[in-house]
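Visitor: Residue numbers (our numbering), protein chains in the order written: chain Z, 2 to 201; chain A, 103 to 188.
Ideal Cβ positions, reconstructed from N, Cα and C, are used throughout, including at glycine.
This structure is a prediction, so every number in the text was calculated from the model and none was measured.
This is the structure I want to talk about, given as structure tokens.
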Amino acid sequence: MSGAAVVMIVAVVLIVLALVYYLVSTILALRQITAGLDDVIAGVGEILEKTAPVGEVVNNINGNLDAGVDLLEGLLVKKAGLVDSMGLIEGLYPGAAAAGLRNFPESTEIEAPRIAEVYTKGTLTLARLGREAPIAAANPAGPVLRNAAGGSLAARRLYPDIRQSKPELMPRSPVIGTDAPEQYEQRDDIGKPRKRMPAR
Amino acid sequence: MTLWWIGDVVLLVVILPVVILLLHRVLSAARSIVPSVRSIAATAAAGSKDLDAVPLLLTTQEQVAQTVAGVADYGGSLDVIVDDAS
């Protein structure tokens with residue numbers, strides 16, 4: 002066998018060895034990929050299984066909530082009127098009236114009345130005395146006049162002077178009843194016909 | 103004989119390096135896919151775990167239905183009690 006033939010054989014063997022090494026390595030890598038894809042498929046399968054009822058449930062929830070919104074909007078507009086409804090909404094949630102009511106598209110064109118800022122003088126007085134805590138907490142006219150938790154002087158000043166100056170010897174209220182300390186004789190004419198006065 | 107030697111040289115200098123280069127590129131591409139597949143598998147597992155709370159939607163659905171039913175009852179009562187604006 003000539004030297005050239007031996008070299009040829011060696012070259013072919015080298016090529017075959019390279020092919021074997023790289024192809025086996027590639028096969029191992031592809032097996033790892035296959036195993037990873039199996040994990041992916043399992044995870045995606047779980048996701049599909051868990052999300053299967055979501056659409057139906059969410060649609061059901063949205064349907065119920067839509068019915069609730071329709072009910073509340075309709076009731077509010079029916080009871081307060083559309084204009085005052087927008088005023089109430091604006092008073093409770095400033096800026097919300099601009100969005101309007103879903104079932105009343107014309108509500109977006111209404112200029113909401115400032116219902117939340119309109120109080121009578123009596124309401125403001127009570128509020129500043131602390132008797133209406135939610136109003137007194139945000140009274141624009143000034144601080145509350147009375148400490149609702151401890152003070153009572155401002156409230157007592159609303160009553161006549163004889164009551165607020167606390168006199169020491171005020172007549173006690175009479176005690177009535179069968180066991181009252183002071184008993185009176187029973188009149189005989191009680192229950193009888195009324196006496197007629199002599200005619201003039 | 104000269105052709106034999108020329109064939110040997112071509113085989114060793116040209117064909118063998120080209121074969122090795124091509125096989126190396128195939129192996130590199132296959133190996134580069136492995137970490138991507140592993141990260142996708144981890145992400146799918148995490149996404150599946152995040153969806154463990156989905157069955158609670160059934161409870162939410164029931165609660166919403168009950169709440170809306172209560173609101174409807176209150177609304178009906180208010181409709182009777184409170185006078186209409188018009």
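Would you say valine 120(A) faces chain Z, with C-beta separation under 8 angstroms as the test?
Guide: Valine 120(A) does not count as touching chain Z.
Visitor: Enumerated in chain order, which unbroken segments of the alpha helix (DSSP H) with a length of 4 residues or greater are wholly contained in the segment 35 to 95 of chain Z?
Guide: Correct list: 55 to 81 and 83 to 93.
Visitor: By the three-class DSSP mapping on this structure, what secondary structure does alanine 139(Z) have?
Guide: Legend: pLDDT at alanine 139(Z) = 49, less than 50; position of this residue unreliable, no value from coordinates given.
Visitor: What does the alpha-carbon distance come out to for the pair glutamate 183(Z) and aspartate 190(Z)?
Guide: Roughly 21 angstroms separates the two Cα atoms.
Visitor: So, is the C-beta of glycine 56(Z) closer than 8 angstroms to a C-beta in chain A?
Guide: False, the Cβ-Cβ gap to chain A never drops below 8 angstroms.
Visitor: So that I know if they touch, is there some Cβ in chain A lying closer than 8 angstroms to that of glycine 82(Z)?
Guide: Answer yes: the Cβ-Cβ gap between glycine 82(Z) and chain A drops below 8 angstroms somewhere.
Visitor: Name the chain Z residues whose beta carbon is nearer than 8 angstroms to that of serine 179(A)?
Guide: Residues of chain Z passing the Cβ test: none, with the nearest at roughly 10 angstroms.
Visitor: Using a beta-carbon distance below 8 angstroms, is valine 184(A) in contact with chain Z?
Guide: By this cut-off, valine 184(A) is an interface position.
Visitor: Could you pull the DSSP bridge partners for leucine 102(Z) from this structure?
Guide: Leucine 102(Z) pairs with Phe105(Z).
Visitor: Does the beta-carbon of asparagine 65(Z) have 16 or more other beta-carbons within 10 angstroms, so that it is buried, or is it exposed?
Guide: Per the 10 Å Cβ criterion, buried.
Visitor: Taking 8 angstroms as the CB-CB cut-off, is valine 116(A) touching chain Z?
Guide: So, not an interface residue.
Visitor: Can you give the Cα-Cα distance for alanine 174(A) and aspartate 67(Z), rounded to whole angstroms?
Guide: So the two alpha carbons sit approximately 12 angstroms from each other.
Visitor: Under 6 angstroms Cβ to Cβ from arginine 132(Z), same chain only, skipping five residues before and after it: list those, please.
Guide: Confidence at arginine 132(Z) is low in this model, with a pLDDT of 45, below 50, so the placement of that residue is unreliable and no value is reported for it.
Visitor: I'd like to know whether the C-beta atoms of valine 136(A) and isoleucine 62(Z) end up nearer to each other than 8 angstroms.
Guide: Against a cut-off of 8 angstroms, the Cβ pair of isoleucine 62(Z) and valine 136(A) comes out as no contact.
Visitor: May I ask which residues mark the beginning and end of the alpha helix (DSSP H) holding serine 150(A)?
Guide: It spans 118 to 152 - the alpha helix (DSSP H) in which serine 150(A) sits, taken as one unbroken run.
Visitor: Going along the chain, which residues of the segment 148 to 164 of chain A sit with their C-beta nearer than 7 angstroms to a C-beta in chain Z?
Guide: Answer set for the segment 148 to 164 of chain A: Gly149, Ser150, Leu153, Val156, Leu159, Leu160, Thr162 and Gln163.
Visitor: Between lysine 193(Z) and chain A, is there a C-beta pair that is closer than 8 angstroms?
Guide: Judged by the 8 angstroms Cβ criterion, lysine 193(Z) is not in contact with chain A.
Visitor: In the segment 66 to 81 of chain Z, which residues sit with their C-beta less than 9 angstroms from some C-beta in chain A, listed in chain order?
Guide: Listed by position, the residues of the segment 66 to 81 of chain Z near chain A (Cβ gap below 9 angstroms) are Leu66, Ala68, Gly69, Leu72, Leu73, Gly75, Leu76, Val78, Lys79, Lys80 and Ala81.
Visitor: Looking at the C-beta of alanine 100(Z), does it have a partner C-beta in chain A at a distance below 8 angstroms?
Guide: For alanine 100(Z), the answer is no, since every Cβ of chain A falls outside 8 angstroms of its Cβ.
Visitor: Count the other CB atoms within 10 Å of the CB of methionine 2(Z); is the residue buried (16 or more) or exposed (fewer)?
Guide: So methionine 2(Z) ends up on the exposed side.
Visitor: Would you please verify whether the beta carbon of aspartate 175(A) is less than 8 angstroms from any beta carbon of chain Z?
Guide: By this cut-off, aspartate 175(A) is not an interface position.
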